[in-house]
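A.B. asks: The sequence shown maps to residues 1 to 132 in UniProt numbering.
The C-beta atom is built at its ideal place from N, Cα and C for all residues, glycine as well.
Keep in mind that this is a model prediction, so the values were computed, not measured.
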Amino acid sequence: MIIDKYCPRGEIQKLESEYWNLKVKGADLLNYNHHFQELALMCDRMFPEESAKVERYIGGLLDMIHGSVKALKPQSMQEAIEFAIEMMDKKTLTHAERQAEHKRKFDDTSRNTQHQQQPPKRNSKCKGYHLL
């Protein structure tokens, strides 16, 4: 292989370590996919079987989609990537819908309280009556 011939062993070990520990950062799944595939090409002997690559890929996903993608049992990297993107899109959309719903509720509540008449305030002074 070309990498074995032209890359120092220390550099190969760094790449393999990065490949083994790669995780999605934030919600940047597209960057994770791209970087994972680059490392998979350079470190192809680490996971010679497609199923092992798929497991490694799923292992680096965010917790919120990890279980869903794993439960679908993708047979190829392409399936795993497509499932992960679909799950991430659903989670992002659901989160955005919840935010919008919460904002709507908050706006409705504040709008309703602005137009209601407030009861008249009482004087805080006390009057004392004395019976004779």
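For Lys91 and Met64, I'd like the C-alpha separation in whole angstroms.
C.D. replies: Here residue 91 refers to the residue found at position 91 when the sequence shown is read from its first residue. Here residue 64 refers to the residue found at position 64 when the sequence shown is read from its first residue. Computed Cα separation, rounded: 8 Å.
A.B. asks: Please give me, in chain order, every unbroken run of the alpha helix (DSSP H) with length at least 4 that falls completely inside the stretch 12-65.
C.D. replies: Fully enclosed alpha helix (DSSP H) runs of 4 or longer: 29-42 and 50-59.
A.B. asks: Determine the burial state of Arg98: buried for a count of at least 16 other Cβ atoms within 10 Å of its Cβ, exposed for fewer.
C.D. replies: Here residue 98 refers to the residue found at position 98 when the sequence shown is read from its first residue. By the 10 Å Cβ count, Arg98 comes out exposed.
A.B. asks: Could you pull out every residue in the same chain whose Cβ sits closer than 7 Å to the Cβ of Leu15, ignoring the five residues on either side in sequence?
C.D. replies: Here the question's residue 15 lines up with position 15 in the sequence shown. Closer than 7 Å at Cβ, skipping near neighbours: Leu39, Met42 and Cys43.
A.B. asks: Tell me whether Gln99 sits in a helix, a strand or coil according to DSSP, three-state version.
C.D. replies: To locate residue 99, count along the sequence shown from 1; it is residue 99. DSSP places Gln99 in helix when its eight states are reduced to three.
A.B. asks: Is it buried or exposed, Lys53, if we count other Cβ atoms within 10 angstroms and call 16 or more buried?
C.D. replies: On the sequence shown, position 53 is the one that residue 53 refers to. With 16 or more Cβ atoms within 10 Å of its Cβ, Lys53 is classed as buried.
A.B. asks: Beta carbon of Ile81, beta carbon of Asn21: below 7 Å?
C.D. replies: Residue mapping note: residue 81 aligns to position 81 of the sequence shown, counting from 1. Residue mapping note: residue 21 aligns to position 21 of the sequence shown, counting from 1. No; because the gap between Cβ atoms is not below 7 Å, this pair is not in contact.
A.B. asks: In whole angstroms, give me the CA-to-CA distance for Ala27 and Lys5.
C.D. replies: For the purposes of this step, residue 27 is taken as the residue at position 27 of the sequence shown. For the purposes of this step, residue 5 is taken as the residue at position 5 of the sequence shown. Cα-Cα distance, rounded: 36 Å.
A.B. asks: Roughly how many angstroms separate the alpha carbons of Phe47 and Thr94, rounded to a whole number?
C.D. replies: The residue labelled residue 47 in the question sits at position 47 within the sequence shown. The residue labelled residue 94 in the question sits at position 94 within the sequence shown. Each residue's alpha carbon lies about 35 Å from the other.
A.B. asks: Can you have a look at Ala71 and say buried or exposed, based on whether 16 or more other CB atoms are within 10 angstroms of its CB?
C.D. replies: Walking along the sequence shown from the start, residue 71 turns up at place 71. Result: exposed.
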